[in-house]
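Peer 1: Supplied in structure tokens, the structure appears directly below.
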């Protein structure tokens, strides 16, 4: 069983998962992904940090949304330690539902073309490729997605 809940982005379990994600991204893409995310950004009222936990209460995944505009949020730091199947789906469903409840109408995100697992995951979950936005404009290695809520 997987539970997802709003959490403290500054907690030790959040930090551990962020570091695991950064190491995995660096191994896959050569970039740890920290350039366009800070934990401090989660202090915004329209931002949300969540952890996925297993039946024992161990944190096994994380994810966030932060505002891009009044109606559009961005998914950041989605990660599963792959100890259980379905963690990514549980996180994504929770983030999408929460974003809708927070008044967002659309979610956007960026990943790398080389990160095939992430690309396939988002496409499988109804995200469509869009033109690169914001800091990803002109970056050949980046691929951006969006989904209407």
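Residue numbers (our numbering): 116 to 264.
Beta carbons: idealized from backbone N, C-alpha and C, even for Gly.
(1) Quick one: residues in its chain with C-beta nearer than 7 Å to the C-beta of residue 209, no 5 flanking neighbours on either side, listed in chain order?
(2) Where do the ends of the alpha helix (DSSP H) carrying residue 198 lie?
(3) For the stretch 150 to 161 against the stretch 228 to 243, are there 3 or more C-beta pairs whose distance is under 8 Å?
(4) Is it right to say residue 170 is buried, meaning 16 or more other beta carbons lie within 10 angstroms of its own, or is it exposed?
(5) List in chain order: all unbroken beta strand (DSSP E) runs of 3+ residues lying wholly within the stretch 123 to 187.
(6) Using C-beta distances below 6 Å, list every residue in its chain close to residue 124, excluding the 5 sequence neighbours before and after it, in chain order.
(7) What three-state label does DSSP hand residue 224 in the structure shown?
(8) With distances taken from CA atoms, which of 176, 230 and 151 is nearest residue 202?
(9) Can you say whether residue 126 is buried or exposed, counting buried as having 16 or more other CB atoms within 10 angstroms of its CB?
(10) If you draw a straight line from the alpha carbon of residue 183 to that of residue 255, how long is it in whole angstroms?
(11) From the DSSP output, in three-state form, read off residue 232 for me.
(12) Assuming residue 180 and residue 132 are in contact, meaning their beta carbons sit under 8 Å apart, how far apart are those beta carbons, in whole angstroms?
Peer 2: To lay it out plainly:
(1) So the qualifying residues of the chain are 119 and 165.
(2) Counting along the chain, residue 198 falls outside any alpha helix (DSSP H), and DSSP gives it neither H nor E.
(3) no
(4) exposed
(5) 163 to 168 and 174 to 182
(6) 154, 157 and 164
(7) strand
(8) It is 176 whose Cα lies nearest to the Cα of residue 202.
(9) exposed
(10) Answer to the nearest angstrom: the Cα atoms are 21 Å apart.
(11) In the three-state reduction of the DSSP assignment, residue 232 falls in the helix class.
(12) 16 Å between Cβ atoms; not a contact.
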